[in-house]
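Trainee: The numbers in UniProt numbering rise by one with no breaks, and the one at position 42 of the sequence shown is 42. Beta carbons are placed, not taken as given, at the ideal position from N, Cα and C, and that holds for glycine. Please read through the structure below; I'll follow up with questions.
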Amino acid sequence: MTLSQTVLDYSAVMKRLVDEAKQPGFSTENWAPLAELIDTQNFVRVGNFKEVMNWGEYVAFLTNWATSSEWESDFKRVTQAGNVVFLELEERSRIGEFSNSVNSVSVYEFDPSGKITRIDVYLQMALPDPDMLASYEGVEI
Numbered sequence: 001m002t003l004s005q006t007v008l009d010y011s012a013v014m015k016r017l018v019d020e021a022k023q024p025g026f027s028t029e030n031w032a033p034l035a036e037l038i039d040t041q042n043f044v045r046v047g048n049f050k051e052v053m054n055w056g057e058y059v060a061f062l063t064n065w066a067t068s069s070e071w072e073s074d075f076k077r078v079t080q081a082g083n084v085v086f087l088e089l090e091e092r093s094r095i096g097e098f099s100n101s102v103n104s105v106s107v108y109e110f111d112p113s114g115k116i117t118r119i120d121v122y123l124q125m126a127l128p129d130p131d132m133l134a135s136y137e138g139v140e141i
């Protein structure tokens with residue numbers, strides 16, 4: 001499997017799990033299929049607001065976000081250069097009454113075994129509603 005295909009698989013698994021997160025009993029353990037693509041011991045995610053998370057922190061964040069949000073994306077482009085893959089999406093989400101659409105570029109770095117070790121997220125978006133930022137309470141920036 002190419003690294004680009006791994007990133008596309010990551011996106012497909014993410015969509016499936018975000019949809020499943022609305023079911024009763026969904027928890028951090030449900031992210032196991034995503035963890036199969038990740039070097040969970042060395043993983044770092046740098047998010048929209050430069051917040052840095054390890055795998056445990058990211059899974060807790062994802063669980064909180066996914067259980068309360070609707071999310072979908074349209075593929076634009078994927079580009080691989082060495083052990084790095086750039087994924088461009090148009091992402092749409094809804095949290096309660098708030099909805100938005102953003103253009104995103106996520107940069108995925110891989111280790112020699114083909115596991116994702118880092119994701120850096122870059123967004124183009126309108127200024128967010130301050131209420132949307134509440135889900136970031138407690139996250140160190």
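If you draw a straight line from the alpha carbon of V107 to that of G25, how long is it in whole angstroms?
Mentor: 31 Å
Trainee: Give every residue of the same chain whose Cβ lies closer than 6 Å to the Cβ of I119, excluding the five residues on either side of it in the sequence, and list them in chain order.
Mentor: R45, S106 and Y108
Trainee: Need the endpoints of the alpha helix (DSSP H) that L62 sits in, please.
Mentor: Run containing L62: W55 to S68, per the alpha helix (DSSP H) assignment.
Trainee: With burial defined as no fewer than 16 other Cβ atoms inside 10 Å of the residue's Cβ, what is the status of A126: buried or exposed?
Mentor: exposed
Trainee: Since F98 and D131 are thought to touch, with beta carbons under 8 Å apart, how far apart are those beta carbons, to the nearest angstrom?
Mentor: 7 Å
Trainee: Below 8 Å on the Cβ atoms is my contact criterion, and I expect L37 with K115 to pass it. Report the Cβ-Cβ distance as a whole number of Å.
Mentor: The C-beta distance from L37 to K115 rounds to 7 Å, short enough to meet the 8 Å contact threshold.
Trainee: With a 10 Å radius around its C-beta and 16 neighbouring C-beta atoms as the bar for buried, classify A134 as buried or exposed.
Mentor: exposed
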